[in-house]
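To keep things clear, I will list the structure first and then write my remarks on it.
In our numbering, the protein residues as written are 39 to 164.
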């Protein structure tokens with residue numbers, strides 16, 4: 039339903055994204071609902087998770103009980119395999135760099151590029 043109405047989510051990819059259970063649960067909901075995603079990075083350091091990290095999610099060892107409870111509260115019934123698949127999708131097409139410290143004109147140009155990516159993602163999923 040979301041894509042029929044043209045919705046697309048922006049995901050700010052940061053170094054703590056995969057360890058934040060609220061973000062993980064929200065990303066899972068977006069993927070399950072087939073909401074298109076446009077990812078971009080902030081100016082802070084970031085590196086893509088290693089394949090071992092996704093294997094640990096699948097094995098059920100990446101998150102503690104409290105973290106997993108938060109993920110399951112946000113995305114009820116989610117399984118470890120699904121969590122790994124959803125997070126892997128975030129990192130398939132990475133990421134447009136956005137830095138709020140830059141001048142206003144450059145920020146407007148960057149937002150225009152983000153908007154264009156959202157429109158293309160929405161058209162592809164329509």
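Ideal Cβ positions, reconstructed from N, Cα and C, are used throughout, including at glycine.
Among the candidates the options, whose CA atom is the shortest distance from the CA of residue i?
| i | options | result |
| --- | --- | --- |
| residue 129 | 59, 154 and 65 | 65 |
| residue 62 | 48, 108, 78 and 150 | 108 |
| residue 68 | 152, 153 and 120 | 120 |
| residue 51 | 110, 114, 85 and 158 | 85 |
| residue 70 | 153, 152, 122 and 99 | 122 |
| residue 150 | 89, 76 and 72 | 76 |
| residue 153 | 116, 78 and 113 | 78 |
| residue 59 | 116, 89 and 88 | 116 |
Taking only three categories from DSSP, how would you classify residue i?
| i | result |
| --- | --- |
| residue 55 | helix |
| residue 62 | helix |
| residue 73 | coil |
| residue 88 | coil |
| residue 78 | strand |
| residue 41 | Confidence at residue 41 is low in this model, with a pLDDT of 45, below 50, so its placement is unreliable and the value that follows should be read with caution. Three-state DSSP puts residue 41 in coil, outside helix and strand. |
| residue 49 | strand |
List the whole-angstrom C-beta distance separating residue i from residue j, where the pair is believed to meet the contact cut-off of C-beta under 8 Å.
| i | j | result |
| --- | --- | --- |
| residue 125 | residue 92 | 7 Å |
| residue 98 | residue 159 | Going by Cβ atoms, the distance from residue 98 to residue 159 rounds to 31 Å, so no, they are not a contact pair. |
Quick one: is residue i near chain B, going by C-beta distance under 8 Å?
| i | result |
| --- | --- |
| residue 76 | Absent from the structure is chain B; it holds one protein chain and no more. |
Exercise for the section: Examine the Cβ distances between the segment 99 to 116 and the segment 46 to 55 and report whether three or more of them are shorter than 8 Å. Expected result: Contact between the segment 99 to 116 and the segment 46 to 55 is absent, because fewer than three Cβ pairs lie under 8 Å.
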